[in-house]
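Working notes, beginning with the structure itself.
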Amino acid sequence: MAEHAHGPHAVQQQGDEASDPSQQNYKLFTNVMGLLVADHREHALYELSKKREQYPDLAPTLWYSVGVMAALLQEVISVYNLLHPADLAGPASNRVCNALALLQCVASHPETRMLCIRAHLPLFLYPFLNTATKTRPFEYLRLTSLGVIGALVKADDAEVVKFLLSTEIIPLCLRIMETGSELSKTVATFIVQKILLFDIGLQYLCATPERFYAVSTVLCKMTTQEKPPARLLKHVIRCYLRLSDHSRARDALKHCLPDQLRDATFSDYLGDDLGMRRWLFQLLLNIGDPNVTALQQQQQQQQAAQQVAQNPTPPPGPPPGAGGMMVQPH
Numbered sequence: 008m009a010e011h012a013h014g015p016h017a018v019q020q021q022g023d024e025a026s027d028p029s030q031q032n033y034k035l036f037t038n039v040m041g042l043l044v045a046d047h048r049e050h051a052l053y054e055l056s057k058k059r060e061q062y063p064d065l066a067p068t069l070w071y072s073v074g075v076m077a078a079l080l081q082e083v084i085s086v087y088n089l090l091h092p093a094d095l096a097g098p099a100s101n102r103v104c105n106a107l108a109l110l111q112c113v114a115s116h117p118e119t120r121m122l123c124i125r126a127h128l129p130l131f132l133y134p135f136l137n138t139a140t141k142t143r144p145f146e147y148l149r150l151t152s153l154g155v156i157g158a159l160v161k162a163d164d165a166e167v168v169k170f171l172l173s174t175e176i177i178p179l180c181l182r183i184m185e186t187g188s189e190l191s192k193t194v195a196t197f198i199v200q201k202i203l204l205f206d207i208g209l210q211y212l213c214a215t216p217e218r219f220y221a222v223s224t225v226l227c228k229m230t231t232q233e234k235p236p237a238r239l240l241k242h243v244i245r246c247y248l249r250l251s252d253h254s255r256a257r258d259a260l261k262h263c264l265p266d267q268l269r270d271a272t273f274s275d276y277l278g279d280d281l282g283m284r285r286w287l288f289q290l291l292l293n294i295g296d297p298n299v300t301a302l303q304q305q306q307q308q309q310q311a312a313q314q315v316a317q318n319p320t321p322p323p324g325p326p327p328g329a330g331g332m333m334v335q336p337h
């Protein structure tokens, strides 16, 4: 029986395996095949999701390995009955989230992204996005599901946006933006932002007053109910700015844009983020807000004060002829 190596030799052996492509490929295919065996699947999900960044061709390998995508979808579907009534525990959530992490890998890879869309795989995640339970297993499940959709829209592909608009992704994201955790709100707002940046997305969300006000109402609540973190606020401002590119939406924003974006409520954020500051000022210019000049001047004054605080004027030197002289005590 072979003995397990310990100590420095074991570390060196692991390092050799990590740098040996043949060893990496062997481990990759072993774990991928493990997804097809019920007794090995949980371990294989964990290993592949944990090390997915190490395998640049993991997504095509998953997609083209017979039965593997079906096994991943089986993991997703297996927890549907735990959603209503809410009975999802931590271990089950972790396991399905490992499967979702592999689906995110497939969604982000250029070779498999559109295959994922044509197979309508995102629809399998919508039951997770439609949950409202606040427990950690459910929050983790929603966040990981949002990560898959986020990976799709991050590619800036019009076909992806067209497909998503044919589904219920906008209402689902708006619900999470209104009631989710900080991180889930941020990812959901990012998805809406990426959809809005396409003309087809902007036209869709401004096609009817109901759609526009559904989006603008949620954005307003995120801005006014409590002070959002800077990263989330930046996505909110970008959504508003894009809406202001539409003529009817621009007219509506003149009346419904929150006061917090018109005054100095977020001046501390603006001083630290040039991109956010430019987006907000451009938004106010687009809607013809009279406060934009005063806000710009106030921001410039704050920046000048910060520069003075960071680089104070040095104290005046000694009077002429006094250099090097020391007063001796009596």
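Just remember that the numbering used here sits 7 ahead of the position in the sequence shown, which is counted from 1. Note that the Cβ used here is the ideal one computed from N, Cα and C, for glycine as well.
Determine, using beta carbons only, whether T272 and V243 come nearer to each other than 8 Å. Position 265 of the sequence shown, counted from the start, is the residue given in the question as residue 272. Position 236 of the sequence shown, counted from the start, is the residue given in the question as residue 243. Cβ distance not < 8 Å, so T272 and V243 don't count as in contact.
Would you please state the rounded distance, in angstroms, between the beta carbons of Q200 and R255? I believe it to be under 8 Å. Counting from 1 along the sequence shown, the entry for residue 200 is found at position 193. Counting from 1 along the sequence shown, the entry for residue 255 is found at position 248. With 8 Å as the limit, Q200 and R255 do not qualify as a contact, their Cβ atoms being about 20 Å apart.
Counted within 10 angstroms of its Cβ, other Cβ atoms place C129 as buried (16 or more) or exposed: Mapped onto the sequence shown, residue 129 falls at position 122. Contrary to the premise, residue 129 reads as Pro rather than Cys in this sequence. Flag for P129 reads buried.
Taking a contact to mean a Cβ-Cβ separation below 8 Å, would you say I207 touches C180 in this structure? Here residue 207 refers to the residue found at position 200 when the sequence shown is read from its first residue. Here residue 180 refers to the residue found at position 173 when the sequence shown is read from its first residue. Cβ atoms of I207 and C180: not closer than 8 Å.
So, at 7 Å on beta carbons, what are the nonlocal neighbours of Y276 in its own chain, with the 5 sequence-adjacent residues on each side left out? Here residue 276 is taken as the residue at index 269 of the sequence shown, counted from 1. Taken in chain order, the residues that qualify are A237, L240, M283.
Quick check for students: name the residue ranges of the alpha helix (DSSP H) that lie wholly in the stretch 203 to 240, counting only runs of 4 or more. 206 to 212, 216 to 231
From P67, P63, T193, residue whose alpha carbon lies closest to that of T119: Residue mapping note: residue 119 aligns to position 112 of the sequence shown, counting from 1. That would be P67, whose Cα lies nearest to the Cα of T119.
Cα-Cα separation between L35 and S274, rounded to whole angstroms: The residue labelled residue 35 in the question sits at position 28 within the sequence shown. The residue labelled residue 274 in the question sits at position 267 within the sequence shown. Near 50 Å, if we compare the C-alpha coordinates of S274 and L35.
Residue of R249, T140, L226 minimising C-alpha distance to A266: In the sequence shown, counting from the first residue as 1, residue 266 sits at position 259. It is Asp, not Ala, that sits at residue 266 in the sequence shown. Nearest of R249, T140, L226 to D266, Cα basis: L226.
Rounded C-beta distance between Y133 and E175? I'm assuming under 8 Å. In the sequence shown, residue 133 corresponds to position 126, counting from 1. In the sequence shown, residue 175 corresponds to position 168, counting from 1. Y133 to E175, Cβ: 6 Å. Contact.
Between the CA atoms of Q61 and S85 - distance to the nearest angstrom: Numbered from 1 along the sequence shown, position 78 holds the residue referred to as residue 85. Numbered from 1 along the sequence shown, position 54 holds the residue referred to as residue 61. Distance between the alpha carbons of S85 and Q61 is about 28 Å.
Just to confirm, are L291 and R269 a CB contact at a threshold of 8 Å? Against the sequence shown, residue 291 aligns to sequence position 284. Against the sequence shown, residue 269 aligns to sequence position 262. Cβ distance < 8 Å, so L291 and R269 count as in contact.
Pairwise C-alpha distance: S72 and A202: For the purposes of this step, residue 202 is identified with residue 195 of the sequence shown, where counting begins at 1. For the purposes of this step, residue 72 is identified with residue 65 of the sequence shown, where counting begins at 1. It should be noted that the sequence gives Ile, not Ala, for residue 202. The alpha-carbon atoms of I202 and S72 are separated by roughly 32 Å.
Could you check where the alpha helix (DSSP H) with E349 kicks off and where it finishes? Examination of residue 349 is not possible in this model, given that the chain is present from 8 through 337 alone.
Please state whether DSSP places Y62 in a helix, a strand or coil. Taking the first residue of the sequence shown as 1, we reach residue 62 at position 55. Three-state DSSP puts Y62 in coil, outside helix and strand.
Cα-Cα separation between S191 and F145, rounded to whole angstroms: Mapped onto the sequence shown, residue 191 falls at position 184. Mapped onto the sequence shown, residue 145 falls at position 138. Straight-line Cα distance between these residues: approximately 11 Å.
Alpha carbons only, please: which of L248, A78, Y53, I124 is nearest the one belonging to V44? Here residue 44 refers to the residue found at position 37 of the sequence shown. Nearest of L248, A78, Y53, I124 to V44, Cα basis: A78.
Looking only at its chain, what residues have a beta carbon closer than 8 Å to the beta carbon of L172, apart from the 5 residues adjacent to it on each side? Counting from 1 along the sequence shown, the entry for residue 172 is found at position 165. For L172, where only same-chain residues beyond five positions count, the Cβ hits under 8 Å are I202, I207, G208, Y211.
Just verifying my parser: in three-state terms, what is the DSSP assignment at T68? Translated into the one-based positions of the sequence shown, residue 68 becomes position 61. Reduced to three states, the DSSP call for T68 is helix.
Measure the C-alpha to C-alpha separation of E185 and T142 and round it to an integer number of angstroms. Locating residue 185 in the sequence shown gives position 178, counting from the first residue. Locating residue 142 in the sequence shown gives position 135, counting from the first residue. Taking the straight line from one Cα to the other gives about 17 Å.
Would you decide whether P98 is buried or exposed? Buried here means 16 or more other CB atoms lie within 10 Å of its CB. Against the sequence shown, residue 98 aligns to sequence position 91. Exposed, since its Cβ has fewer than 16 Cβ neighbours within 10 Å.
Looking at the unbroken alpha helix (DSSP H) that takes in T37, where does it start and where does it end? As a position in the sequence shown, residue 37 is number 30, starting the count at 1. Note, T37: alpha helix (DSSP H), 28 to 41.
Do you know whose CA, among N88, D164, A106, L107, lies nearest M121's CA? Residue numbering aside, residue 121 sits at position 114 when the sequence shown is read from its first letter. Looking at the Cα atoms, D164 is the closest of the given residues.
Which of the three DSSP states, helix, strand or coil, is assigned to L250? Numbered from its first residue, the sequence shown carries residue 250 at position 243. In this structure, L250 counts as helix in the three-state DSSP scheme.
Contact set for R257: own chain, Cβ-Cβ below 8 Å, skip 5 residues either direction: Looking up residue 257 in the sequence shown gives position 250. Cβ within range, chain order: L250, S251, N293, I294.
The ligand GTP and Q303: does any heavy atom of the ligand fall closer than 7 Å to the residue's C-beta? Summarising the ligand content, the structure contains no ligands, and the ligand GTP is consequently not present.
Skipping 5 residues on each side, what residues in its chain have a beta carbon closer than 7 Å to that of Y220? Counting from 1 along the sequence shown, the entry for residue 220 is found at position 213. If we look at Y220 and ignore the five residues flanking it on each side, it has no Cβ neighbours.
With a cut-off of 8 Å on the beta carbons, I'd call V75 and Q111 a contact; round off their distance for me. For this step, residue 75 is matched to residue 68 along the sequence shown. For this step, residue 111 is matched to residue 104 along the sequence shown. Incorrect: roughly 15 Å between the Cβ atoms, too far for contact.
One question on the structure: do L65 and R59 come within less than 8 Å of each other, judged by their Cβ atoms? Residue mapping note: residue 65 aligns to position 58 of the sequence shown, counting from 1. Residue mapping note: residue 59 aligns to position 52 of the sequence shown, counting from 1. Yes, Cβ-Cβ distance for L65 and R59 is below 8 Å.
So, under 8 Å CB-CB, L109 and L153 are touching, yes? Tell me the CB distance rounded to an integer number of Å. To locate residue 109, count along the sequence shown from 1; it is residue 102. To locate residue 153, count along the sequence shown from 1; it is residue 146. In fact, because the Cβ distance is near 16 Å, the residues do not count as touching under 8 Å.
Return the chain-ordered list of same chain residues with a C-beta closer than 7 Å to the C-beta of A106, the five sequence neighbours on each side being excluded. The residue you call residue 106 lines up with position 99 of the sequence shown. Only L52, L79, E82, V83 meet the Cβ criterion.
Is it buried or exposed for A259, if we count other Cβ within 10 angstroms and need 16 for buried? Counting from 1 along the sequence shown, the entry for residue 259 is found at position 252. Counting Cβ neighbours within 10 Å, A259 comes out buried, since at least 16 surround it.
Please list the terminal residues of the continuous alpha helix (DSSP H) segment that includes I141. By one-based count along the sequence shown, residue 141 stands at place 134. Per the sequence shown, residue 141 should be read as Lys rather than Ile. Here K141 belongs to no alpha helix (DSSP H), and DSSP marks it neither H nor E.
Alpha carbon to alpha carbon, what distance is there between A158 and D27? Counted from its first residue, the sequence shown places residue 27 at position 20. Counted from its first residue, the sequence shown places residue 158 at position 151. Spanning the two alpha carbons is a distance of roughly 29 Å.
Use the C-beta contact count for A96: other C-beta atoms within 10 angstroms, 16 or more gives buried, fewer gives exposed. Residue 96 sits at position 89 when you count from the first residue of the sequence shown. Looking at its Cβ environment, which holds fewer than 16 other Cβ atoms inside 10 Å, A96 is exposed.
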